[in-house]
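> First, the structure itself, so that you have it in front of you.
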Amino acid sequence: MDILIKNVTLAGPGSEKSDADTIGIDRGRIAYVGKYEGKIRENGADKVIDGRNMIAMPGLANCHTHCAMTLFRNYANDLALEEWLFTKIFPVEQKLTYDDVYWGTMLGIAEMIKSGTTSFADMYLIMDAVAQAVSETGIRANLSVSPLRFETGNEMKVIDESDICVRYHRDWHNSSDGKIKVYLEVHSAYLFNEQQLKDAAMLAKQLNTGIQIHILETVTERRESIERYGMSSAEICHKCGIFDVPTIAAHCVHLSETDMEIFREKGVSIAHNPTSNLKLGSGIANVKELLDRNINVVIGTDGAASNNNLNMFEEMHIAALIHKGNLMDPRVMDAHTVLNMATASGYRALGFDDAGSIKEGMKADIILVNTDSVHMWPLNDPAAALVYSVQGSDVDTVIVEGKILMENRELKTIDEEKVKFEAKRCAERLLEGM
Ligand SMILES: [Zn+2]
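Residue numbers for the sequence shown follow the numbering used here, beginning at 2 and rising by one.
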């Protein structure tokens, strides 16, 4: 046994009917979940963690982000999506180098690990820099790479980079001991045209992989899609074959009955990003309706330029609250549902089916949350505490595939001060004169 966690309280998927207080981890997988007394022997473990006053839960899956946008944290606030994206974000992104994306991603990964995220979906530029950061830090990720590059200036130039996708997929898919998966990025049906959507779907099928996409984030997108295609973004994507491969569709705020039926039928996972949708004034997705249709709804923070953090505990908290208030029904989005969306369902969306719950045989992606604080005391109901009382900074220990990435809040694979220094240097250069 590599790691033995004892005296711990379990919560989240895999813990439902268990009186277990001990987790054993061996060769990257959960080898034992049960009572401390019994077959498990402390002296057989390389490392023993005392989980007293800790909750052990599956690590969080952040199913939609643009990690390196941490560099643009708190830049360009209080603007509508279209103005924010086209006049603020795209121009500054034209200046990005490999170095910028690497350090921005390192900063985002540091923030995610420190708030309990063990896997994430990323959609960005210069994705080799992202994969380098992911593999160096040991976190799990589904990285998407775009077959088209959009150069914005006086007029938009579109450059075909499908050859880069093929090379990137060959280099990084299933790398980092299987912790990296490569999907295609199809930014949206407003940046891609019909032929480009068809080509992207075809390329994903050739590579036998999935797609990350933004769909129906705003009412403007819905209106313009109907003007341009005669149908919604979800319908045109469906027509072009996008959903024939595993898909993570971000936002999905403005859906019709037909759109929801398409997502249900095609098994599309929907990444709900409540904070970003609130901050950009986009609206509130009808998550209850999606869950009632058995659609796999998961949670994401979106990028740090529209949130403005990557804290999944905060995202769970907001996801749990807004639907109760919006629907005037406190029974919707109960704590167990929200925890499940942020862990097991999220892992499934990212294509990592053998992790995301605390069960024997699953990959050991586990976090320990400290409950020995006044705002978590007395614990009473661990699941409720994790959704309604917790702070991201309560995360004490983070384990990904049996490897400790943080212990006692100290990052083990990231030099935190160096990352802060380098990210600030990159951000200052990028935002100068903007
Ligand atoms: Zn996004």
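Glycine included, each C-beta is placed from N, C-alpha and C at the ideal position.
What are the start and end residues of the beta strand (DSSP E) that includes Tyr-33?
To locate residue 33, count along the sequence shown from 1; it is residue 32. Its beta strand (DSSP E) spans residues 30-35.
> Look up Arg-224 in the DSSP assignment and say whether it is helix, strand or coil.
Reading the sequence shown from its first residue, position 223 is the one you call residue 224. Here Arg-224 sits in helix by DSSP.
> Between Val-396 and Leu-406, is the Cβ-Cβ spacing less than 8 Å?
Here residue 396 is taken as the residue at index 395 of the sequence shown, counted from 1. Here residue 406 is taken as the residue at index 405 of the sequence shown, counted from 1. Contact: no.
> In the segment 233-298, which residue ranges form an unbroken alpha helix (DSSP H) of at least 4 residues, counting only runs that do not cross its ends?
234-240, 258-267, 275-280, 288-293
> Can you list, in chain order, the residues of its chain whose CB lies under 7 Å from that of Lys-360, leaving out five sequence neighbours each side?
For the purposes of this step, residue 360 is taken as the residue at position 359 of the sequence shown. Answer for Lys-360: Gly-15, Ile-31, Val-34, listed in chain order.
> Could you pull out every residue in the same chain whose Cβ sits closer than 7 Å to the Cβ of Ala-428, ignoring the five residues on either side in sequence?
The count along the sequence shown starts at 1 and reaches residue 428 at position 427. Closer than 7 Å at Cβ, skipping near neighbours: Leu-72.
> Please determine whether the Cβ atom of His-174 lies at a distance below 7 Å from any heavy atom of ligand 1.
Taking the first residue of the sequence shown as 1, we reach residue 174 at position 173. His-174: no, Cβ never under 7 Å from ligand 1.
> Note the first and the last residue of the continuous alpha helix (DSSP H) segment covering Ile-165.
The residue given as residue 165 occupies position 164 in the sequence shown. Element bounds for Ile-165: 163-173.
> Taking only three categories from DSSP, how would you classify Gly-25?
In the sequence shown, the residue the question calls residue 25 occupies position 24. Three-state result, Gly-25: strand.
> Could you spell out the range, first to last residue, of the beta strand (DSSP E) harbouring Ile-400?
Numbered from its first residue, the sequence shown carries residue 400 at position 399. 396-401 is the extent of the beta strand (DSSP E) around Ile-400.
> Indicate whether the contact test is met: 3 or more Cβ pairs, each with one atom in the segment 63-72 and one in the segment 374-391, closer than 8 Å.
no
> In the DSSP assignment, find the unbroken alpha helix (DSSP H) run with Tyr-184 in it and report its ends.
One-based indexing of the sequence shown puts residue 184 at position 183. Counting along the chain, Tyr-184 falls outside any alpha helix (DSSP H), though it belongs to the beta strand (DSSP E) covering 181-187.
> Any Cβ of chain C within less than 8 Å of the Cβ of Leu-198?
Looking at the structure shown, chain C is missing, and only one protein chain is on hand.
> How is Ile-114 classed by DSSP in three states: helix, strand or coil?
One-based indexing of the sequence shown puts residue 114 at position 113. Helix.
> Ends of the alpha helix (DSSP H) at Ile-90?
To locate residue 90, count along the sequence shown from 1; it is residue 89. Element bounds for Ile-90: n/a, residue is neither H nor E.
> Give me, in chain order, the residues of the same chain whose beta-carbon lies closer than 6 Å to that of Tyr-348; leave out the 5 immediate sequence neighbours on both sides.
Position 347 of the sequence shown, counting from 1, holds the residue named residue 348. Around Tyr-348: Ala-62, Ala-356, Gly-357.
> In the structure shown, what three-state DSSP assignment does Ser-145 receive?
Looking up residue 145 in the sequence shown gives position 144. Note: Ser-145 maps to strand in three-state DSSP.
> Under the assumption that Thr-119 contacts Ile-368 (Cβ atoms under 8 Å), give the Cβ distance between them as a whole number of angstroms.
Numbered from its first residue, the sequence shown carries residue 119 at position 118. Numbered from its first residue, the sequence shown carries residue 368 at position 367. Going by Cβ atoms, the distance from Thr-119 to Ile-368 rounds to 7 Å, so yes, they are a contact pair.
> State the DSSP-derived secondary structure class of Val-135, mapped to helix, strand or coil.
As a first step, residue 135 is located in the sequence shown; it is residue number 134 there, counting from the start. In the structure shown, Val-135 sits in a helix (DSSP, three-state: H, G or I).
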